[in-house]
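*Asks:* Okay, handing you the structure first.
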Amino acid sequence: MAKHQETARLMEQEAVAHQTYRMLLHSPTIAGEARPGQFMMLQVRDGNDPLLRRPFSFHRILSEAGAVEILYRVVGRGTWLMSRMEPGAALGLIGPLGNGFDLPASEDGPVFLVAGGIGIAPIEELAARLLEAADGSPGGSIHLFYGARTAAELLGANRVSRPGLRIHWSTDDGSRGLRGNVIQCIERVVAEDDIRPARVYGCGPLAMQVRLALWALRRGVEAQLSLESLMACGFGACLGCALPAPNPDDPTSDRYLHVCKDGPIFPAGSIQWEKIRQQQIAPPIFRCI
Ligand SMILES: Cc1cc2nc3c(=O)[nH]c(=O)nc-3n(C[C@H](O)[C@H](O)[C@H](O)COP(=O)(O)OP(=O)(O)OC[C@H]3O[C@@H](n4cnc5c(N)ncnc54)[C@H](O)[C@@H]3O)c2cc1C
Ligand code: FES
Numbered sequence: 005m006a007k008h009q010e011t012a013r014l015m016e017q018e019a020v021a022h023q024t025y026r027m028l029l030h031s032p033t034i035a036g037e038a039r040p041g042q043f044m045m046l047q048v049r050d051g052n053d054p055l056l057r058r059p060f061s062f063h064r065i066l067s068e069a070g071a072v073e074i075l076y077r078v079v080g081r082g083t084w085l086m087s088r089m090e091p092g093a094a095l096g097l098i099g100p101l102g103n104g105f106d107l108p109a110s111e112d113g114p115v116f117l118v119a120g121g122i123g124i125a126p127i128e129e130l131a132a133r134l135l136e137a138a139d140g141s142p143g144g145s146i147h148l149f150y151g152a153r154t155a156a157e158l159l160g161a162n163r164v165s166r167p168g169l170r171i172h173w174s175t176d177d178g179s180r181g182l183r184g185n186v187i188q189c190i191e192r193v194v195a196e197d198d199i200r201p202a203r204v205y206g207c208g209p210l211a212m213q214v215r216l217a218l219w220a221l222r223r224g225v226e227a228q229l230s231l232e233s234l235m236a237c238g239f240g241a242c243l244g245c246a247l248p249a250p251n252p253d254d255p256t257s258d259r260y261l262h263v264c265k266d267g268p269i270f271p272a273g274s275i276q277w278e279k280i281r282q283q284q285i286a287p288p289i290f291r292c293i
């Protein structure tokens, strides 16, 4: 699919949780082609501060309105500058990029959406599409497992609740939902309700993704995970976003997949999770400035 360079106009900016903002951008070309799970590279401002574009997932894709929404957490200079922008500001975008989630024509059982912290960003549009597809068909039930360190980091129930979506909250400190992490929450729901998901989609911190991938692989459940990496280009030119993957031609060696062009959505079986965990490979391989 072609990627586009477009100057977007900031339509709305709103603080929605601790250090977390929602930005609505008028960007008709990108909005017309984006799919859930894809991302775009955003030029925070002209000049070289910061020099590189920053990657953000599509939180909502409003094709008819010609707009896309991102949800972002302030973690450094680029996102801090973004949080200071006012409606009317212009931002350079390149997108849509990456592969996006694979959506089945119909569901054959329960679906688990798993979001850790800001990992809710791409899950929101995915949930909307899955619920739309399930409307009127028997399908499977759709569960959202949404956790963070504390309630202040979570979006409010009014923002994530949708008819048909069963939400299971968890926080490390017990300030909302189950006290514990999202994997513990999944284990509890699976045991109490005696359900087995047909499919799992996840996005969140790397430690959560590793545990979720291994949880799904051990049970033979199909899982698609949205991974992150520091990205300099976003479309395969710098080779800085590599992750180790099993090599089907030679099991004694690894091959490398690139988060920007092979992902950011990866089936659980396509990544060397144990290696990432054991070596504590942090996604940042190419340092953004
Ligand atoms: C495909 C993709 C989609 C993304 N979608 C979203 C999204 O929807 N919402 C959102 O808030 N963020 C998202 N991110 C992460 C986002 O791009 C970074 O938080 C942002 O680039 C940080 O820019 P900064 O200038 O504020 O921070 P910097 O000054 O560049 O970095 C500040 C700190 O954050 C760390 N950091 C920066 N980027 C990442 C990263 N990608 N992974 C782990 N640590 C990082 C740095 O190592 C550093 O410690 C996504 C990343 C990728 C690769
Ligand atoms: S970010 Fe440059 S190759 Fe992936």
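For the sequence shown, the working numbering gives the first residue as 5, with consecutive numbering after it.
Just so you know, even glycine gets a beta-carbon here, dropped at the ideal spot from N, CA and C.
Can you say whether Q9 is buried or exposed, counting buried as having 16 or more other CB atoms within 10 angstroms of its CB?
*Replies:* exposed
*Asks:* I'd like to confirm something about V115: is its beta-carbon nearer than 7 Å to some heavy atom of ligand 3, or not?
*Replies:* Looking at this structure, you won't find ligand 3 anywhere; what it does contain is ligand 1 and ligand 2.
*Asks:* In this structure, does DSSP put V20 in helix, strand or coil?
*Replies:* Correct three-state label for V20: strand.
*Asks:* For a test of the three-state rule: what should DSSP assign to P32, helix, strand or coil?
*Replies:* In this structure, P32 counts as helix in the three-state DSSP scheme.
*Asks:* Does the Cβ of L148 have 16 or more other Cβ atoms within 10 Å, making it buried, or fewer, making it exposed?
*Replies:* buried
*Asks:* Going by CA-CA distance only, name the one from R215, C245 and R259 that's closest to N251.
*Replies:* Measuring from the Cα of N251, the nearest candidate turns out to be R259.
*Asks:* Quick one: Cα of L29 to Cα of H63, how far?
*Replies:* 11 Å
*Asks:* Could you give the first and the last residue of the continuous alpha helix (DSSP H) run that contains P126?
*Replies:* P126: member of the alpha helix (DSSP H) spanning I124 to A138, first to last residue.
*Asks:* Relative to the alpha-carbon of T175, which residue among I190, L243 and L75 has its alpha-carbon at the smallest distance?
*Replies:* I190
*Asks:* For S145 and R153, what's the separation of their Cα atoms in angstroms?
*Replies:* 27 Å
*Asks:* Given 8 Å as the limit, is there contact between the region 123–140 and the region 199–208, that is, 3 or more CB pairs closer than that?
*Replies:* yes
*Asks:* Taking L218 as the reference, which of V48, Q276, P201 and N103 has the closest Cα?
*Replies:* Q276
*Asks:* Would you kindly check if the distance between the Cβ of M44 and the Cβ of I98 is under 8 Å?
*Replies:* yes
*Asks:* How many angstroms separate the CA atom of G178 from the CA atom of G184?
*Replies:* 7 Å
*Asks:* Going by DSSP, name the residue or residues bridged to P250.
*Replies:* Answer is D258, bridged to P250.
*Asks:* Would you check whether ligand 2 has a heavy atom nearer than 7 Å to the C-beta of H262?
*Replies:* yes
*Asks:* Look up T154 in the DSSP assignment and say whether it is helix, strand or coil.
*Replies:* coil
*Asks:* Quick one, are the C-beta atoms of L229 and F270 less than 8 Å apart?
*Replies:* yes
*Asks:* Tell me whether R215 is buried or exposed, calling it buried when 16 or more other Cβ atoms sit within 10 Å of its Cβ.
*Replies:* buried
*Asks:* Per DSSP, G99 is paired with what?
*Replies:* H8
*Asks:* If we count Cβ pairs, one from each stretch, closer than 8 Å, do we get three or more for the region 62–79 versus the region 29–39?
*Replies:* yes
*Asks:* On a CA-only basis, which of L158, M86 and C264 is nearest G102? Give me that one, please.
*Replies:* Among L158, M86 and C264, the Cα nearest to that of G102 is on C264.
*Asks:* Would you list the one or two residues that DSSP bridges to M86?
*Replies:* The beta-bridge partner set that DSSP reports for M86 is empty.
*Asks:* With 16 as the cutoff for other CB atoms within 10 Å, does L55 come out buried or exposed?
*Replies:* exposed
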